[in-house]
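A.B. asks:
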Ligand SMILES: NC(=O)c1ccc[n+]([C@@H]2O[C@H](COP(=O)([O-])OP(=O)(O)OC[C@H]3O[C@@H](n4cnc5c(N)ncnc54)[C@H](OP(=O)(O)O)[C@@H]3O)[C@@H](O)[C@H]2O)c1
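Residue numbers (our numbering): 1173 to 1438.
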């Protein structure tokens, strides 16, 4: 068995699909779910080697992990991905919609193709994945058992409410994610499926400090907690929302931003 991190809620037995698990946040989210005892399907698109390395790491720590592939910009791929995860995990209790792209383009320069690409991956795929996952989670005995814990969490962004420059498509898609979760929560509550969003602030990654020194410095100066987030901070929040302790929480957005959203803009 995986060496459980007892500071985390116990998710033993949960079968969880995490999209974009090869990226910075996705790796941290996958590690925290595995440390909480969940069986995870780590999804990748192009980074197969990273996915296999992560699976190996999680298994070596005693966890249960499988790699699953899909290009989520392709319509219809979501249903196949959910089916693959169900096959590999033996069912599905939770879905973290984390995969996303974050290109920069100002309003004056943005092309329709760039706009569409962001919406296809960051929002369209989430709709399709949630639809497919809910169909699986809503069938069988679990759907009739009020104590069973089934959920979907989208990784949005604080840009859903506080947009950054050159991110009009991204911020609009993230705002859409927050509203999609609320609407889905409304519909899926009947089957006991909870839907929430986690909205990260600036999350650290290798190279960020040198690539964007002024942005990092400004973030640290303004965030009440005085630091950037880590992928594990986001993983911890997703684990929290997946836990039985969150069983009455649905349709909510949880900012995980070191307090940035409460800072005054003047
Ligand atoms: N980093 C931050 O500070 C921050 C802040 C707020 C919100 N977020 C959100 O957090 C999520 C993860 O961000 P990140 O910084 O970890 O990004 P990242 O390192 O660039 O990773 C992106 C992940 O998404 C996958 N992906 C991209 N396009 C895909 C597609 N068409 N089909 C399937 N998978 C695709 C990538 O897969 P492959 O590598 O295998 O191609 C990768 O696993 C995103 O939704 C992002 O908007 C990030």
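Backbone N, C-alpha and C define an ideal beta-carbon position, used for all residues, glycine too.
Quick caveat, the model's predicted, so the values are computed rather than measured.
1. Which runs of the beta strand (DSSP E) fall wholly inside the region 1343-1396 and span at least 3 residues, in chain order?
2. What is the DSSP secondary structure of residue 1269, counted as helix, strand or coil?
3. Flag residue 1335 as yes when its Cβ comes closer than 6 Å to any non-hydrogen atom of ligand 1, and as no otherwise.
4. Pick helix, strand or coil for residue 1230, following the three-state DSSP scheme.
5. With a threshold of 8 Å on Cβ separation, who are the neighbours of residue 1436 within its own chain once the five nearest residues in sequence on each side are excluded?
6. Does the separation of the CB atoms of residue 1391 and residue 1380 fall below 7 Å?
7. Runs of 4 residues minimum, wholly inside the region 1249-1293: which ones carry the alpha helix (DSSP H) assignment?
8. Considering only DSSP beta bridges, list what residue 1427 is partnered with.
9. Between residue 1234 and residue 1337, what straight-line distance do the alpha-carbon atoms span, to the nearest angstrom?
10. Using the Cα positions of residue 1180 and residue 1282, report the straight-line distance between them to the nearest angstrom.
11. Using only CA atoms, which one of 1318, 1367, 1300, 1343 lies nearest to residue 1326?
12. Kindly indicate which residue of 1278, 1301, 1295 has the alpha-carbon position closest to the one of residue 1350.
13. Could you tell me if the beta carbon of residue 1243 falls within a distance shorter than 6 Å of some heavy atom in ligand 1?
14. Rounded to the nearest angstrom, what separates residue 1242 and residue 1438 at their Cα positions?
15. Three or more C-beta pairs closer than 8 Å, one from the region 1195-1210 and one from the region 1401-1408: is that the case here?
16. Just verifying my parser: in three-state terms, what is the DSSP assignment at residue 1203?
17. State the CB to CB distance for the pair residue 1301 and residue 1191, rounded to an integer number of angstroms; the pair is presumed to be in contact (CB under 8 Å).
18. According to DSSP, which residues form a beta bridge with residue 1212?
19. Quick one: residues in its chain with C-beta nearer than 7 Å to the C-beta of residue 1286, no 5 flanking neighbours on either side, listed in chain order?
20. May I ask which residues mark the beginning and end of the beta strand (DSSP E) holding residue 1327?
21. With a 10 Å radius around its C-beta and 16 neighbouring C-beta atoms as the bar for buried, classify residue 1238 as buried or exposed.
22. Going by the CB atoms, is the gap between residue 1193 and residue 1245 shorter than 7 Å?
23. Just the C-alpha distance for residue 1188 and residue 1371, rounded to the nearest angstrom, thanks.
24. How close, in whole Å, do the beta carbons of residue 1240 and residue 1253 come, if the pair is a contact with beta carbons under 8 Å?
25. At a cut-off of 6 Å, is residue 1329 close to ligand 1 when judged by its beta-carbon and the heavy atoms of the ligand?
C.D. replies: Reading from the atomic positions:
1. Taking only runs of at least 3 residues, the beta strand (DSSP E) segments lying wholly in the region 1343-1396 are 1365-1372.
2. Residue 1269 sits at position 97 when you count from the first residue of the chain shown. In the structure shown, residue 1269 adopts extended strand secondary structure according to DSSP, grouped into three states.
3. Locating residue 1335 in the chain shown gives position 163, where the first residue counts as 1. With a threshold of 6 Å, the Cβ atom of residue 1335 does not count as near ligand 1, since no heavy atom of the ligand is closer than that.
4. Counting from one through the chain shown, the residue named residue 1230 turns up at place 58. Residue 1230: helix per DSSP, three-state reduction.
5. Locating residue 1436 in the chain shown gives position 264, where the first residue counts as 1. Annotation for residue 1436: no residue places its beta carbon closer than 8 Å to its own, counting only its chain and skipping 5 residues before and after.
6. Residue mapping note: residue 1391 aligns to position 219 of the chain shown, counting from 1. Residue mapping note: residue 1380 aligns to position 208 of the chain shown, counting from 1. Contact: no.
7. If one requires a minimum length of 4 residues, the alpha helix (DSSP H) runs lying completely within the region 1249-1293 are 1249-1261, 1284-1291, in chain order.
8. The residue labelled residue 1427 in the question sits at position 255 within the chain shown. Bridge partners of residue 1427: 1371.
9. By one-based count along the chain shown, residue 1234 stands at place 62. By one-based count along the chain shown, residue 1337 stands at place 165. Their Cα atoms are separated by approximately 43 Å.
10. Position 8 of the chain shown, counting from 1, holds the residue named residue 1180. Position 110 of the chain shown, counting from 1, holds the residue named residue 1282. The alpha-carbon separation between residue 1180 and residue 1282 amounts to approximately 42 Å.
11. Reading the chain shown from its first residue, position 154 is the one you call residue 1326. Closest option to residue 1326, Cα to Cα, is 1367.
12. Locating residue 1350 in the chain shown gives position 178, counting from the first residue. Comparing Cα-Cα distances from residue 1350 to each of 1278, 1301, 1295, the minimum goes to 1295.
13. Taking the first residue of the chain shown as 1, we reach residue 1243 at position 71. For ligand 1, at least one heavy atom lies less than 6 Å from the Cβ of residue 1243.
14. As a first step, residue 1242 is located in the chain shown; it is residue number 70 there, counting from the start. As a first step, residue 1438 is located in the chain shown; it is residue number 266 there, counting from the start. Rounded to the nearest whole angstrom, the C-alpha separation of residue 1242 and residue 1438 is 44 Å.
15. Output reads yes: the region 1401-1408 touches the region 1195-1210.
16. Position 31 of the chain shown holds residue 1203. In the structure shown, the three-state DSSP call for residue 1203 is helix.
17. Walking along the chain shown from the start, residue 1301 turns up at place 129. Walking along the chain shown from the start, residue 1191 turns up at place 19. Yes, residue 1301 and residue 1191 are in contact; Cβ-Cβ is about 7 Å, under 8 Å.
18. Counted from its first residue, the chain shown places residue 1212 at position 40. Looking at the DSSP assignment, residue 1212 forms a beta bridge with 1188, 1237.
19. Position 114 of the chain shown, counting from 1, holds the residue named residue 1286. Correct list, in chain order: 1275, 1277, 1341.
20. As a working note, residue 1327 is residue 155 in the chain shown. Residue 1327 -> beta strand (DSSP E) spans 1322-1327.
21. In the chain shown, the residue the question calls residue 1238 occupies position 66. Classification of residue 1238: buried, given that the 10 Å Cβ count is 16 or more.
22. Taking the first residue of the chain shown as 1, we reach residue 1245 at position 73. Taking the first residue of the chain shown as 1, we reach residue 1193 at position 21. No, the pair does not count as a contact, with Cβ atoms beyond the cut-off.
23. If you number the chain shown from 1, residue 1188 lands on position 16. If you number the chain shown from 1, residue 1371 lands on position 199. Each residue's Cα considered, the two are about 19 Å apart.
24. Taking the chain shown and counting its residues from 1, one reaches residue 1240 at position 68. Taking the chain shown and counting its residues from 1, one reaches residue 1253 at position 81. By a beta-carbon distance limit of 8 Å, residue 1240 contacts residue 1253. Their separation comes to about 6 Å.
25. Residue mapping note: residue 1329 aligns to position 157 of the chain shown, counting from 1. The answer is yes for residue 1329.
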